[in-house]
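Chains as they are written, first to last, in our numbering: chain W, 809 to 999; chain G, 17 to 248. Glycine is no exception: its CB is placed at the ideal position from the N, C-alpha and C atoms. Since the structure is predicted, the reported quantities are computational estimates derived from the model, not experimental observations.
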Amino acid sequence: MDFQAFDSAYVERLRAGDRDTEGHFIAYFGELIALKLRSRLASRQAIEDVKQETFARCLQLLRSKGGVRNAERLGPLVNSICNHVLSEHFRANSRTEAFDEQSANNFVANEPDALTQVIADDTRRMVRQVLEKLPERDRTILRAVFLEEREKDEVCREIGVTRDYIRVLLHRAKHSFREAYAARTAGRQTC
Amino acid sequence: MNHDRAIREQAVERYLLGELSEAARARFEEHFFDCPLCAADLKEGAVFVNALRLPPEPIRLPAPTSLSEPKIHLVAKHNPAPWLRPWLVPALAASLLVIAYQNVLVLPGLRHIAAVAQAPAVMNNVVLANIDARGADIPKLTAPAHGSFLISVDVPSKAEYASYICALYNASGERLWQMPITAQQTENTVSLRVPTDKATDGANELRVLGIPSTGGSPVEVGRYRFTLQSLQ
Chain W
809 MDFQAFDSAY VERLRAGDRD TEGHFIAYFG ELIALKLRSR LASRQAIEDV
859 KQETFARCLQ LLRSKGGVRN AERLGPLVNS ICNHVLSEHF RANSRTEAFD
909 EQSANNFVAN EPDALTQVIA DDTRRMVRQV LEKLPERDRT ILRAVFLEER
959 EKDEVCREIG VTRDYIRVLL HRAKHSFREA YAARTAGRQT C
Chain G
17 MNHDRAIREQ AVERYLLGEL SEAARARFEE HFFDCPLCAA DLKEGAVFVN
67 ALRLPPEPIR LPAPTSLSEP KIHLVAKHNP APWLRPWLVP ALAASLLVIA
117 YQNVLVLPGL RHIAAVAQAP AVMNNVVLAN IDARGADIPK LTAPAHGSFL
167 ISVDVPSKAE YASYICALYN ASGERLWQMP ITAQQTENTV SLRVPTDKAT
217 DGANELRVLG IPSTGGSPVE VGRYRFTLQS LQ
């Protein structure tokens, strides 16, 4: 986990073009921007375009004369810039929507997103281990919701649970995954 | 939104499950861009959910509990029921064959595919320069059946178009896929990596449409034909 403090020293390093800080900035917020965009944009290319444009504007603003006044609010600033870029993207592409609505497949959208692609075998194994420890009913629910992408209400009706139960189940599974991940990381560090 | 409220409302879980309204989603995004705890929780959750979304690997999937566990008990602790005995050995043998098949053929194959995907490689390339080419002018290329090839196309960019769409059609005029291209990308030769199975063996046509800056429907700016031969 990465609990980076975005303070004035961090912003100053960004302004100075420190490569490590810039790399951290892009990695940290790149994941958040990708998470934000993937429910709003269909194609990986569009997500990448908006992300890159967001970073370009952030860095331009950071390095401009006025710079960023409140370093502690760097995160919300990135989010706000991303919102602007996204709005512009929608405006620029609104005219293509009719075309997009046709029946053809957009193969870019159907492929796993960037986040999915970086899931290592190791991570996948840990998730499987977490799943295997769950009762069969809980495994069925998670698979129905995320793998089969079935309607959550339908899954709830079928299995006899509430929407709250799915949230708690996800929370618990996520927690187990975090523990497995932490144990694996600790194991590696002691090697 | 503050951190306590995000925890109380299970905002991370709701976000991952797509349960938040647009306004609530925007509020939580404003928060997690500012909160390293929620950001870390969300990132981990997303990795978990993404891994859940991947189709399970056949070899590693636990068999349905109700079927597999009793069978294991039967072999380990009890004598199988008389009616089951004729089936047990062939069933176990079949299972072993499946496992052997997956270990010997499937997994090495997948590892090979993953290694190939990450290794530098020379890609088969088709350069599309002639709009509406016919006959002998239609470029041909070969590509591995389960691999990819590269299309290099010079999009005739014009100031009146804000962006472009590239779409691939098969010989029957059926669109196979499309993707957006920015005006900036058209300043140079545009390179598209295409999985071979996303194109047709034989005649293919790449159509480029311009999106007018002033609005209106996309305008076709060029059609490029090429012939693909996929190699098994």
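Inset, instruction - Run the CB neighbour count on Arg877 of chain W, radius 10 Å, all protein chains shown included, and call it buried at 16 or more, exposed below. - result: Flag for Arg877 of chain W reads exposed.
Inset, instruction - Anything in chain W within Cβ reach of Gly34 of chain G, meaning under 7 Å, just list it in chain order. - result: Chain-order list of chain W residues neighbouring Gly34 of chain G: Ser847, by C-beta distance under 7 Å.
Inset, instruction - Say whether chain G places a C-beta atom closer than 9 Å to the C-beta of Val819 of chain W. - result: So, not an interface residue.
Legend entry - Neighbouring residues, chain W, relative to Met139 of chain G (Cβ below 9 Å): Simply none; closest approach about 17 Å.
Inset, instruction - Report buried or exposed for Gln194 of chain G, applying the criterion of at least 16 other Cβ atoms within 10 angstroms of its Cβ. - result: Buried is the call here.
Legend entry - Span of the beta strand (DSSP E), counted from its first residue to its last, around Ser207 of chain G: Start and end: 206-211.
Inset, instruction - For the stretch 821-851 of chain W, enumerate the residues whose C-beta is nearer than 7 Å to any C-beta of chain G, in chain order. - result: If the cut-off is 7 Å between Cβ atoms, the stretch 821-851 of chain W has Glu839, Leu840, Leu843, Lys844, Ser847, Ser851 near chain G.
Inset, instruction - Give the straight-line distance between the Cα atoms of Ala145 of chain G and Leu843 of chain W, rounded to the nearest whole angstrom. - result: The alpha-carbon atoms of Ala145 of chain G and Leu843 of chain W are separated by roughly 38 Å.
Inset, instruction - Indicate whether Arg209 of chain G and Arg223 of chain G have their beta-carbon atoms separated by less than 9 Å. - result: No.
Legend entry - Residue-level contact to chain W via CB, Glu176 of chain G, 9 Å cutoff: With 9 Å as the cut-off, Glu176 of chain G does not count as an interface residue toward chain W.
Inset, instruction - Please report the residue range of the alpha helix (DSSP H) in which Pro884 of chain W lies. - result: In the DSSP assignment, Pro884 of chain W falls within the unbroken alpha helix (DSSP H) covering 882-901.
Inset, instruction - Taking Val935 of chain W as the query, report the chain G residues whose CB atoms sit under 7 Å from its CB, ordered along the chain. - result: In chain order: Phe64, Ala67, Leu68.
Legend entry - Minimum Cβ-Cβ distance from Val237 of chain G to chain W less than 9 Å: Output row for Val237 of chain G: interface = no.
Inset, instruction - Would you tell me roughly how many angstroms separate the C-alpha atoms of Arg43 of chain G and Asn18 of chain G, rounded to the nearest one? - result: Cα-Cα distance, rounded: 10 Å.
Inset, instruction - Within its chain, find whatever has a CB closer than 8 Å to the CB of Val237 of chain G; leave out the 5 residues flanking it on each side and keep chain order. - result: The answer, listed in chain order, is Val171, Pro172, Lys174, Tyr177, Tyr180, Val224, Leu225, Gly226.
Inset, instruction - Answer yes or no: does any C-beta atom of chain W fall closer than 9 Å to that of Thr205 of chain G? - result: Not an interface residue.
Inset, instruction - Identify whether Phe863 of chain W lies in helix, strand or coil by the three-state DSSP scheme. - result: Correct three-state label for Phe863 of chain W: helix.
Inset, instruction - Find the residues of chain W that neighbour Ala55 of chain G, judging by a C-beta separation of less than 7 Å, and give them in chain order. - result: What Ala55 of chain G touches in chain W: Leu840.
Inset, instruction - Answer with yes or no whether the minimum CB distance from His892 of chain W to chain G is below 9 Å. - result: Proximity of His892 of chain W to chain G, defined by a Cβ-Cβ separation below 9 Å, is not satisfied.
Legend entry - Those residues which DSSP pairs with Asn140 of chain G across a bridge: Under DSSP, Asn140 of chain G forms no beta bridge with any residue.
Inset, instruction - Can you tell me which of the three DSSP states Leu36 of chain G falls into? - result: DSSP places Leu36 of chain G in coil when its eight states are reduced to three.
Legend entry - Whole-Å CB distance - Leu849 of chain W paired with Val858 of chain W, under 8 Å assumed: Yes, Leu849 of chain W and Val858 of chain W are in contact; Cβ-Cβ is about 7 Å, under 8 Å.
Inset, instruction - Look up Met17 of chain G in the DSSP assignment and say whether it is helix, strand or coil. - result: In this structure, Met17 of chain G counts as coil in the three-state DSSP scheme.
Legend entry - Residues of its chain near Val886 of chain W, where Cβ-Cβ distance is below 6 Å and the 5 sequence neighbours each way are ignored: Phe837, Cys866, listed in sequence order.
Inset, instruction - Give the range of the alpha helix (DSSP H) segment to which Gly218 of chain G is assigned. - result: Taken as a continuous stretch (DSSP letters only), Gly218 of chain G belongs to no alpha helix (DSSP H), being part of the beta strand (DSSP E) at 218-228.
Inset, instruction - Alpha carbon to alpha carbon, how far is Pro155 of chain G from Ser984 of chain W? Give it in angstroms, no decimals. - result: Going by C-alpha positions, Ser984 of chain W is about 54 Å away from Pro155 of chain G.
Inset, instruction - State yes or no: is the beta carbon of Asn887 of chain W nearer than 9 Å to at least one beta carbon in chain G? - result: True, the Cβ-Cβ gap to chain G drops below 9 Å.
Inset, instruction - Determine the direct distance from the alpha carbon of Ala215 of chain G to that of Leu184 of chain G, and round the result to whole angstroms. - result: Each residue's Cα considered, the two are about 8 Å apart.
Legend entry - Local conformation of Leu166 of chain G per DSSP, three classes: In the three-state scheme derived from DSSP, where H, G and I count as helix and E and B as strand, Leu166 of chain G is classed as strand.
Legend entry - Neighbour flag for Phe196 of chain G against chain W, beta carbons, 9 Å: Residue identity differs from the one stated: residue 196 of chain G is Pro in this sequence, not Phe. Pro196 of chain G counts as touching chain W.
Inset, instruction - Could you have a look at Pro160 of chain G and say whether DSSP puts it in helix, strand or coil? - result: Secondary structure at Pro160 of chain G: strand, using DSSP grouped into helix, strand and coil.
Legend entry - 8 Å CB neighbourhood of Ala981 of chain W in its chain, flanking five on each side removed: Within the same chain, Cβ atoms closer than 8 Å to the Cβ of Ala981 of chain W are found at Val938, Leu939, Leu942, Asp946, Leu950, the five residues on either side in sequence being excluded.
Inset, instruction - Can you say whether Gly883 of chain W is buried or exposed, counting buried as having 16 or more other CB atoms within 10 angstroms of its CB? - result: If you draw a 10 Å sphere on the C-beta of Gly883 of chain W, you find 16 or more other C-beta atoms in it, and that means buried.
Legend entry - Sequence-distant residues of its chain with Cβ nearer than 6 Å to Asp815 of chain W (five each side left out): These residues qualify, in order along the chain: Ala879.
Inset, instruction - Just the C-alpha distance for Val142 of chain G and Ser168 of chain G, rounded to the nearest angstrom, thanks. - result: Each residue's Cα considered, the two are about 6 Å apart.
Legend entry - Limits of the unbroken beta strand (DSSP E) element including Gln194 of chain G: Note, Gln194 of chain G: beta strand (DSSP E), 191-198.
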